[in-house]
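Numbering follows this note's numbering, in which position 738 of the sequence shown is assigned residue number 738; successive positions increment by one, without gaps. From the three backbone atoms N, C-alpha and C, an ideal C-beta is built for every residue, glycine too. Working notes for the structure below.
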Amino acid sequence: MSSRRRAYPQPSYVASAAAPGDAQIPAYPAQPGYGVDQVNQQFQNLNVGAPAAAAQPYAAQPQYGQYQQPGIQPGYPAASAYAPQVPQAGYQAPAEADPYAAQAAPYGQYGQPAVGGAGAYAGAAVGGIGGGAAALPLNQLYTTDLSRELPPSITDLSLPPPPLILPSNAALVPTSEDSNAPPDYFRSTLNVIPSSNSLLKKSKLPLALTVRPYNKLKVEDENIPVTSDTIISRCRRCRSYINPFIILADGGRRWRCNFCNLLNDIPSAFDYDELTGTSKNRYDRVELNHSIVEFVAPKEYMARTPQPIVYAFIIDVSIDAVNSGLTSTISRTILESLDRIPNQNKTARVAFIGVDSSLHYFKFNEGLEGTEILIVSDIDEPFLPSPDGLLINLEENRAAIEKLLIDFPTYFEGNANDKFALGPALRAGHKMISNIGGKLICFSSTLPNIGEGKLQTRDEANLSGTVKETAQLLSNADKFYKSFAVECNSAQVTVDLFLTSARYQDVASLANLPRYTAGQTHFYPAWSCAKAEDVTKLSREVSEHLSMDIALEAVLRVRASTGIRMSSFFGNFFNRSSDLCSFPTFPRDQAYCIEMSIEETISKPVVYFQAAVLHSTCFGERRIRVMNLAIPTSSKLDDIYASADQLAITHYFTHRAVEKALSTSLPDSRNFLTKSITDILNVYKKELVAGNVSGASPLQLSTNLRMLPLLLFSLNKHLGLRQERVPADHRAYALNLLASLPLRHLIKYIYPTVYSLHDMPDECGLPAQVVNVNEETGEEETVVTSDILLPEPINDTKASWENYGLYLIDNSSELFLWVSGDVVPGLVYDLFGTENLYSIPTGKTELPEFTIEESEFNYKVRQIIGKIREQKDSITWKNLYVVIGGSSNEPIEISQQRDLLALRMWALSCLVEDKTANEPGYREFLTSLKAKITQ
């Protein structure tokens, strides 16, 4: 095959701005039954146990763009105008560090360092801090007219939050560059905290924290510092952990808590190295230098000895599961993934239960290669048929486990039982592992239709899209699912669900199990092993899930400075008390939102937040992960707006909208989002527009918030909240993802990323090249990295498309490759190996693989897709859907294909800026906002 690299002529077509029709979820017909041989064939080219790509370390932040202030260097979080002089190597702090001693920067009444004088920057917004104290120059306020910024500047979505500007002496060790938590782990909706509750209410902005204690699926990919001993110093009053923002007093013998101001003793062993038996410089301790640190916990932090990691697999073996290939695929996937299960200390345990109308236990007999199947038909009061041999050590019984997984599908081949007793199976699994804790991982292709927790198909046809949808379709249909979840949480048991039914499965009810046990619901509608792409997605995600380094028996508590209280908690966990979140196992691919309230006037120039996760590691060590965040305060509204984080605010509003959708109604949820952005625009127009000029545009907003209206508008059109008819399972699953996704993935889930491929720069799809300067010779050296360059994203609107273009859409769950109907034939040939557009495979598929010599364009596109699929912080594998757009030359029989039209509508629903039959476009939305604000 000859080289297919060529320049593509661009026809002189005008881009079509036709609005897509109502988005529909394509319905896939049920597939015929598949046996073990077919599944094995699918696995031949599927390496589910392959190690993931290397993790990218936390990179330096890009330029702040509109956030850039005079004298402030890019980087997180401090302003260079306040950067301390770098001490010489071997830095030793003075022995006397009394906050009340005479200092160059005097301390206020609470022992906090005074901020720099006002007016350091010409024109900078200065926040007044309690009683006329010297104020720290904060971020300037810049205004944007939303009506003139069309299309909106989506590059803002990849910017870091506005800088956190702290005094130069805010941290104990001035050389530390890591004293404040990176935003990927710990961030606030406001990077300047209002000094009073009245100011917060006046702003109409939310005050909340986005918390993600674990940023990668594997421990080794994070590089979080760990203390070298078990010395943990905590405040005696508020119980906060010693951190980079404390102040030393009494000649270094005591430390003043930056949360409650109490003086605490420094532990006697704080300056002693247990390993070497020598003295240790306290200023080198990781807890005084790093914002995120893990303490090795001593025995008093253990209610019991750290338990082994446990996986109890509950596998559907009813007729639907067997015929769809789920039973075969899952048993093969677990077999392929045994080496990936975290088992460093060889203590991991596993158990297996097959479920139809009976419970099929597998007892492993010591000294025998095979296993014994024990069937319990009494599902009203399920019991364990054997006191031992059901939950076994993975390492010690490896050969028997492998043989069971190989033979597992054959035990149920030809099974005609259409019942699925999920509730009894969960009860049985709970009894099996409740004394230890661990995971119940359920694989289901059938609606639970017998025994405790029995569910029935609901009336979607008459209720979907009506005011009764929340109460009748999205509510929990059986109280068992929440009450049992609470029982599991108390016993340190997490439930994870993998649902693959081609019919209704009541995701709304089932999702309560993972929601209150810190698990996750995974949904694969119309899954069948007849499709290799379906097998790839399920197998890869299950394998990644099993390989995740989860934390065990974990609790999360977030503390704040005096005057600030944690008021509401959002995410998959259970509130054990007013401020303690319980996680039987702590996942690494979810995030949490915590709303705060201001209960008394704040007079300090800086307030502090600390999140602590007490947990047991997979390798049997009790640890505490602590994250610290320091944020300046102000009594001026313009400071608050200039430092608001639009992405974190979107995270908070998303959780609130999901809560309203599940507790009241979908219209109430959508109205809440519209009212929230209207209130914010009203406040800005009345309080912050310069001079409040009569006739000024009502759509003015601070530049750092200019994407917020677009994000909330897109959220209103999201599958989980949109007003049109949506299958109940799809909507319930979408709401579940909105309430659990980490911020980076959530933003893409709300506002998909679109890449234009036909006109991308030549370097895209190839490894990036970095120019380094040789320190010895001073010469520049070009280094080729392993990072693939991606094209710059474009706006989510058909108006930015060409009729002959090729576009890739990433909505965080799927990838759509849109091939326009009038595409250049040469491009089709280079990408697919044929010039006949309508002969290429469409729907869920993969691109043909050509070498870079055969087709450079095909190689680059596949590299881009591969790069997007690489995710070190999520188990999601994104399937690729090839979609052919319509054209005037489209054959009639093609244009009349129902599946093709549904696929087009699904892909076009990602273009959230466009108008549809039932939803306005972004321009129309801004017009409606203008009318609301003018009134």
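For this session: Would you decide whether P11 is buried or exposed? Buried here means 16 or more other CB atoms lie within 10 Å of its CB.
Result: For P11, the predicted model reports a pLDDT of 38, less than 50, meaning its position is unreliable; a value from the coordinates is still stated below. So P11 ends up on the exposed side.
For this session: Specify the secondary structure class of I550 as computed by DSSP and reduced to three states.
Result: coil
For this session: Alpha carbon to alpha carbon, how far is W801 from Q897? Give it in angstroms, no decimals.
Result: 24 Å
Exercise. DSSP on V535, reduced to helix/strand/coil?
Worked result: helix
For this session: Look up C593 in the DSSP assignment and give the residues it is bridged to.
Result: T210, F570
Problem set entry | Own chain residues within Cβ distance below 8 Å of K454, not counting five before or after | G423, P448, D478
Problem set entry | Runs of beta strand (DSSP E) lying entirely within the stretch 614-656, each at least 3 residues, in chain order | 622-634
Exercise. In terms of alpha-carbon separation, which member of A508, A416, N417, S434 lies closest to T457?
Worked result: A508
Exercise. CB-CB under 6 Å to P194, same chain, minus the five flanking residues each way: which ones, in chain order?
Worked result: L200, I640
For this session: Scan the stretch 474-511 and note each continuous alpha helix (DSSP H) run of 4 residues or more that stays entirely inside, going in chain order.
Result: 480-490, 507-510
Exercise. Hey, how far is the Cα of S887 from the Cα of S358?
Worked result: 55 Å
Problem set entry | Integer Cβ distance of Q520 from S740, believed to fall under 8 Å | 7 Å
For this session: Mind listing, in chain order, the continuous alpha helix (DSSP H) runs of no fewer than 4 residues lying wholly within the stretch 693-737?
Result: 708-716
Problem set entry | Boundaries (first-last residue) of the beta strand (DSSP E) holding E294 | 292-296
Problem set entry | Which of helix, strand or coil DSSP assigns to A690 | helix
For this session: Please work out which residues of its chain come closer than 6 Å, Cβ to Cβ, to I868, disregarding the five sequence neighbours upstream and downstream, and give them in chain order.
Result: D810
Exercise. In the structure shown, what three-state DSSP assignment does D914 receive?
Worked result: coil
For this session: Determine, using beta carbons only, whether I436 and Q492 come nearer to each other than 9 Å.
Result: yes
For this session: For A632, count neighbouring C-beta atoms within 10 Å of its own C-beta (all shown protein chains included) and say buried if the count is 16 or more, exposed if not.
Result: Per the sequence shown, the amino acid found at residue 632 is Pro instead of Ala. So P632 counts as buried.
For this session: Quick one: residues in its chain with C-beta nearer than 6 Å to the C-beta of M627, no 5 flanking neighbours on either side, listed in chain order?
Result: A181, Y185, F186, I292, A611
Exercise. CB-CB under 6 Å to Y592, same chain, minus the five flanking residues each way: which ones, in chain order?
Worked result: V211, G571
Exercise. When DSSP labels each residue in this structure, what does F270 get in the three-state scheme?
Worked result: coil
Exercise. Is DSSP giving T410 helix, strand or coil here?
Worked result: helix
For this session: Could you have a look at E599 and say whether DSSP puts it in helix, strand or coil?
Result: coil
For this session: Can you give me the Cβ contacts of H545 inside the same chain, cut-off strictly under 6 Å, excluding the 5 residues immediately before and after it?
Result: I875
Exercise. Roughly how far, in whole angstroms, is the beta-carbon of P525 from the beta-carbon of D729, given that I think they are within contact range, below 8 Å?
Worked result: 7 Å
Exercise. If you draw a straight line from the C-alpha of E890 to the C-alpha of N836, how long is it?
Worked result: 12 Å
For this session: Spatial neighbours of Q88 within its chain, please: CB distance less than 8 Å, with the 5 preceding and 5 following residues excluded, ordered by chain position.
Result: Because Q88 carries a pLDDT of 35, less than 50, the predicted location of this residue cannot be relied on, and no value is offered for it.
For this session: Can you say whether S597 is buried or exposed, counting buried as having 16 or more other CB atoms within 10 angstroms of its CB?
Result: exposed
Exercise. Quick one: what does DSSP say V824 is sitting in, helix, strand or coil?
Worked result: coil
Problem set entry | Per DSSP, the bridge partner or partners of N197 | In DSSP, N197 forms no bridge with anything.
Problem set entry | Span of the beta strand (DSSP E) around W818 | 814-819
Problem set entry | Residue range of the alpha helix (DSSP H) that includes F857 | 856-869
Exercise. Are the CB atoms of M432 and L463 nearer to each other than 9 Å?
Worked result: no
Exercise. Can you name the residues that DSSP bridges to S279?
Worked result: Y272
Problem set entry | A732 to G720 span [Cα, whole Å] | 7 Å
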